[in-house]
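Novice: Numbering (full-length UniProt numbering), first residue to last: 1 to 317. Every residue, glycine too, gets a C-beta built ideally from N, C-alpha and C. Predicted, not measured: the structure shown is a model, and the values here were computed from it. Once you've had a glance at the structure underneath, I'll fire off some questions.
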Ligand code: CP3
């Protein structure tokens, strides 16, 4: 459950007065915040507390995560000269990630830690637009008007993503998730042509642990996301999970409770959980999750109820 922490009072307490990206660079905070949802909910896996822009910040990109907004850049990257800002990520740039993951693997014991990175398109969109974007129009214009610059940009970003995952895996992460949160803005054709190859490069670089590949609004090209090198396909809430499983034969699926429905009556939430569990039985395996991140106003008790119901359904016997 991404950003599960945001809805927890214990998270807000730890983060008080500390900017988001600063908290990601402090192993004491990273380990505490990663453990909070595990302690409270007893979930079956932990997701590393960090952000997709952490590796960009670590190579000197002027980026900040603004509360209620998301990542914002000091200056967007739109020309060949701008590209020079994107030097490769060296493990030494993110020693705090190595240290945090090692401490977490130790504390978590049997509970797996999921590492993650932003996919090349989603990261490139932040870099080119300079912040969150509804239409991604500057990014799409660049992609179509200057294919060479686009390819160089995605190559560099793919290498950064791969290096960021590499550090987490080397430090002991049990699985990784590649987030292409904004890929749903693309046509299937553009995705296949000028985005998928770079996501595939990142996923191919992960040698030894299972890879989850997730996008929002990507129902139309789930098979392409699977082919990029996913061991598990993450599904948002738009597509029934049995239909998703049908589109990616042979692949385990992850998802897909609509995070907004956590605010509905408990009986509604229970029924949604049951429906999704039933739909997931059509896949070779199902990792229960939300269809996107937890919304900040979510009642932690509702999440606890969901976890309990899923675990009761999954328990042997
Ligand atoms: O729950 C966790 O702590 C998991 C770690 C995690 C965060 N971001 C921490 C975070 C993960 C896996 C992410 C990934 C991430 N970050 C994505 C991809 C996944 C997705 O949700 O699609 C994206 C697109 C980002 C960029 C980003 N960072 C956004 C859009 C936001 C939300 C801005 C807002 O306030 O609405 C962030 C901030 C962020 N990242 C928070 C957390 C816990 C909230 C920080 C806060 O306000 O306290």
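(1) Got a sec, what are the start and stop residues for the beta strand (DSSP E) residue 166 sits in?
(2) By the 10 Å Cβ neighbour count, where 16 or more other Cβ atoms means buried, how is residue 314 classified, buried or exposed?
(3) Do residue 76 and residue 129 come within 8 Å of each other at the CB atom, strictly closer than that value?
(4) Nearest CA to the CA of residue 175: which residue from 212, 133, 238 and 54?
(5) Where does residue 118 fall in DSSP's three states?
(6) For residue 188 versus residue 136, is the C-beta distance shorter than 8 Å?
(7) With residue 38 as the anchor, note down where its alpha helix (DSSP H) starts and where it stops.
(8) For residue 263 and residue 277, I'd like the C-alpha separation in whole angstroms.
(9) To the nearest whole angstrom, what separates the beta carbons of residue 226 and residue 248, a pair I think is in contact under 8 Å?
(10) Along the chain, where does the alpha helix (DSSP H) that runs through residue 280 open and close?
(11) With the cut-off set at 8 Å, would you say residue 232 and residue 202 are in Cβ contact?
(12) Ignore the nearest five residues each way along the sequence and tell me which others in residue 64's own chain have a CB closer than 6 Å to its CB.
(13) Evaluate residue 84 with the Cβ neighbour count: other Cβ atoms within 10 Å of its Cβ, from every protein chain shown; 16 or more gives buried, anything less gives exposed.
(14) Does the separation of the CB atoms of residue 24 and residue 50 fall below 8 Å?
(15) Cβ of residue 181 within 7 Å of any heavy atom in ligand 1?
(16) Return the chain-ordered list of same chain residues with a C-beta closer than 6 Å to the C-beta of residue 240, the five sequence neighbours on each side being excluded.
(17) In terms of residue numbering, what span does the beta strand (DSSP E) encompassing residue 71 cover?
(18) Are there 16 or more other CB atoms within 10 angstroms of the CB of residue 55, so buried, or fewer, so exposed?
(19) If contacts are defined as beta-carbon pairs under 8 Å, then residue 97 and residue 172 qualify, I think. What distance do you get, rounded to the angstrom?
(20) Given 7 Å as the limit, tell me if residue 50 has its C-beta closer than that to any heavy atom belonging to ligand 1.
(21) Mapping DSSP to helix, strand and coil, what is residue 318?
(22) Does the beta-carbon of residue 57 have 16 or more other beta-carbons within 10 angstroms, so that it is buried, or is it exposed?
(23) In the DSSP assignment, find the alpha helix (DSSP H) that holds residue 175 and state where it starts and stops.
(24) For residue 78, does the count of other Cβ atoms within 10 angstroms reach 16, so buried, or fall short, so exposed?
(25) Can you give the Cα-Cα distance for residue 69 and residue 119, rounded to whole angstroms?
(26) I want to check one thing, is the minimum distance from the CB of residue 218 to the heavy atoms of ligand 1 below 7 Å?
(27) Within a Cβ cutoff of 6 Å, which residues of the same chain sit near residue 127, ignoring the five residues on either side of it in sequence?
(28) In the structure shown, what three-state DSSP assignment does residue 211 receive?
(29) Assuming contact is defined by CB atoms lying nearer than 8 Å, are residue 27 and residue 99 in contact in what I supplied?
(30) For my contact list, residue 319 and residue 257 are in at a C-beta cut-off of 8 Å; report their separation, rounded to the angstrom.
Specialist: Straight from the coordinates:
(1) Following the DSSP letters along the chain, one finds residue 166 in no beta strand (DSSP E) but inside the alpha helix (DSSP H) bounded by residues 147–170.
(2) Counting the other Cβ atoms within 10 Å of the Cβ of residue 314 gives fewer than 16, which makes it exposed.
(3) Yes.
(4) Sorting 212, 133, 238 and 54 by C-alpha distance to the C-alpha of residue 175 places 212 at the top.
(5) The three-state reading of DSSP puts residue 118 in strand, counting E and B together.
(6) Not closer than 8 Å, so no.
(7) Unbroken alpha helix (DSSP H) run through residue 38: 27–41.
(8) Each residue's alpha carbon lies about 19 Å from the other.
(9) Contact flag correct, Cβ pair sits at about 4 Å.
(10) For residue 280, the enclosing alpha helix (DSSP H) stretches over residues 266–280.
(11) Using a Cβ distance threshold of 8 Å, residue 232 and residue 202 do not count as a contacting pair.
(12) Only residues of its own chain outside the window of five on either side were considered, and among them 72 have a CB closer than 6 Å to the CB of residue 64, listed in chain order.
(13) Residue 84 counts as exposed, since fewer than 16 other C-beta atoms from the protein chains shown sit within 10 angstroms of its C-beta.
(14) Their beta carbons are under 8 Å apart, which means residue 24 touches residue 50 by this criterion.
(15) Residue 181: yes, Cβ under 7 Å from ligand 1.
(16) Around residue 240, the same chain offers 279 as residues with beta carbons nearer than 6 Å, after the five sequence neighbours per side are excluded.
(17) Its beta strand (DSSP E) spans residues 70–73.
(18) Residue environment for residue 55: buried (at least 16 other C-beta atoms within 10 angstroms of its C-beta).
(19) Cβ-Cβ separation between residue 97 and residue 172: approximately 11 Å, too far for a contact (criterion under 8 Å).
(20) True, at least one ligand heavy atom lies under 7 Å from that Cβ.
(21) The requested residue 318 does not occur in the structure, where the chain is confined to residues 1 to 317.
(22) With 16 or more other Cβ atoms within 10 Å, it is buried.
(23) Premise fails: residue 175 lies in the beta strand (DSSP E), 175–180, not in any alpha helix (DSSP H).
(24) Buried, by the Cβ-count rule.
(25) Using only the alpha carbons, I get a separation of about 19 Å.
(26) Taken from the Cβ of residue 218, every heavy atom of ligand 1 lies 7 Å or farther away.
(27) Short of 6 Å from the beta carbon of residue 127, and not among the five residues preceding or following it, lie these beta carbons of its own chain, in chain order: 77.
(28) Of the three classes helix, strand and coil, the one that applies to residue 211 here is strand, per DSSP.
(29) The answer is yes: Cβ separation under 8 Å.
(30) The shown model of the chain, from 1 to 317, leaves out residue 319, and the question about it has no answer.
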